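Here the structure is laid out as structure tokens; the discussion comes afterwards.
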Amino acid sequence: MKALALTLGALLLLLTSCTHKTLREPAQAASARVQCGTGSLGWMSSYSWCVSTPAGAPASGHVLYYLHGNGGNEKSWATAEHDQLASQWRKHANAPSAVVTVSFGSSWFLTQSAQENFVRKVMPEVEARLGFAVKKRSLLGESMGGFNASVLALAPQRPFERIAIVCPAVYNINPHASAREISQFVARQPAGTNTKFILKWFDKQRGFYRSAAEFEALNPVRMPERLTSSSTPLFLLGDEKDSLGVYEGALVMAKAAQKRGLNVQWLSIPNADHCQHTPASSEALAAFLAR
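Going by this note's numbering, the sequence shown opens with residue 250, and the numbers climb by one from there.
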């Protein structure tokens with residue numbers, strides 16, 4: 250028996266050592282099969298990804314890309330809330346076959362070159378590992394991911410058939426605005442707003458966008474102004490009591506989209522803090538993503 254145990258242990262070690270170095274299998278939830286890995290975009294630039302195949306997912310060829318919030322990573326899809334969302338969209342005919350989460354770190358913003366690399370390099374590399382032909386792509390971004398989803402909505406290739414932007418971490422001001430303008434912006438925030446977060450957020454963004462013009466070219470608040478009525482259908486959600494102060498930015502986006510005549514579904518959640526859902530909003534999001 251001891252010899253058998255040693256033999257099995259050696260076999261397990263051999264199998265582990267033969268696994269491709271960019272692939273890893275995290276502890277799998279009972280509700281989904283998950284595979285993760287990493288990719289490179291050149292010197293000092295890499296990304297991580299996970300593919301989650303929900304239990305009972307249809308063979309539709311529909312892939313949902315998910316962009317996580319600040320402090321998250323490629324495994325951020327694995328939450329009870331997302332399991333619930335997946336169970337809701339399975340009621341619909343075009344439910345996703347798999348969810349792809351892509352991460353460039355805990356905090357990141359897509360620049361012009363990163364937007365292009367995401368579409369031209371990251372997506373094909375990850376999709377080559379899916380094991381099925383991709384027939385449709387949708388995009389869901391939450392918080393910081395909502396910011397980045399807005400940037401991808403401007404991609405000239407228009408790779409996504411639907412884009413859901415949920416509680417986007419966007420502000421109706423350029424992070425390169427003058428110190429006086431930023432102070433005035435912070436001062437007029439509602440009581441209870443985390444103004445320290447706002448200032449730190451602007452610091453982070455200035456590290457990615459070197460000038461006001463560079464940021465403005467991709468500014469999510471201005472995104473609807475650059476789209477047309479034939480553009481990708483949008484789902485926008487904002488929480489009216491958002492303690493990060495981002496509701497105003499989401500509202501400005503929604504009004505601009507409606508004014509432009511875009512195909513947009515806007516949900517404003519009363520008395521809700523950052524990224525909170527109601528049963529109705531969760532159902533609406535699931536239905537939108539599975540159309």
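Note that the Cβ used here is the ideal one computed from N, Cα and C, for glycine as well.
Note that the structure is predicted; figures quoted are calculated from it, not measured.
Over what stretch of residues does the beta strand (DSSP E) that includes residue i continue unbroken?
i      : result
Arg244 : Nothing can be reported for residue 244: it is not among the residues displayed for the chain, which extend from 250 to 540.
Glu474 : Element bounds for Glu474: n/a, residue is neither H nor E.
Thr350 : Ala347 to Ser352
Tyr315 : His311 to Leu316
If distances are taken between C-alpha atoms only, which option among the options comes closest to residue i?
i      : options                           : result
Val312 : Glu365, Gln361 and Phe381         : Phe381
Lys445 : Ser432, Ile422, Phe457 and Gly456 : Ser432
Val495 : Leu483, Gly310 and Ala521         : Ala521
Thr360 : Ile414, Ala505 and Phe457         : Phe457
Glu497 : Gln364, Phe484 and Phe434         : Phe434
Asp491 : Pro417, Lys324, Ser460 and Arg455 : Pro417
Phe367 : Gly286, Phe353 and Ser531         : Phe353
Ser427 : Asp452, Glu330, Gly441 and Ser480 : Asp452
Ile447 : Ala461, Arg459, Asn423 and Ser460 : Asn423
Val348 : Ala440, Thr477, Glu323 and Pro469 : Glu323
Ala557 : Gly286, Arg411, Ser294 and Thr481 : The chain is shown only over 250 to 540; residue 557 falls outside these bounds and no answer can be derived.
Glu474 : Tyr420, Gln454, Ala503 and Leu486 : Ala503
Ser355 : Glu330, Ile414, Trp450 and Tyr314 : Trp450
Pro303 : Ser346, Ala329, Trp357 and Gly291 : Ser346
Phe358 : Trp326, Ala398 and His341         : Ala398
Rounded to the nearest angstrom, how far is the Cβ of residue i from that of residue j, given a contact under 8 Å?
i      : j      : result
Ile518 : Gln525 : 7 Å
Tyr296 : Val400 : So it is not a contact: roughly 15 Å between Cβ atoms.
Trp338 : Leu538 : 6 Å
Should residue i be flagged as near chain B, meaning a C-beta pair shorter than 8 Å?
i      : result
Lys385 : No chain B is part of this structure, which consists of one protein chain only.
Provide the residue(s) that pair with residue i in DSSP beta bridges, ordered along the chain.
i      : result
Val300 : Gln284 and Val349
Ile414 : Gly390 and Leu485
Ser517 : Gly487
Ser295 : Ser289
Lys385 : His311
Mind checking which residues open and close the alpha helix (DSSP H) that includes residue i?
i      : result
Gln337 : Ala329 to Trp338
Phe464 : Ala461 to Glu465
Pro424 : Counting along the chain, Pro424 falls outside any alpha helix (DSSP H), and DSSP gives it neither H nor E.
Glu365 : Gln361 to Asn366
Gly456 : Thr444 to Phe457
Gln525 : Counting along the chain, Gln525 falls outside any alpha helix (DSSP H), and DSSP gives it neither H nor E.
Closer than 8 Å is the cut-off here; do at least three beta carbon pairs connect the region 376 to 394 with the region 465 to 473? Using a Cβ-Cβ distance cut-off of 8 Å, the region 376 to 394 and the region 465 to 473 are not in contact, since fewer than three pairs of beta carbons, one from each stretch, lie closer than that value.
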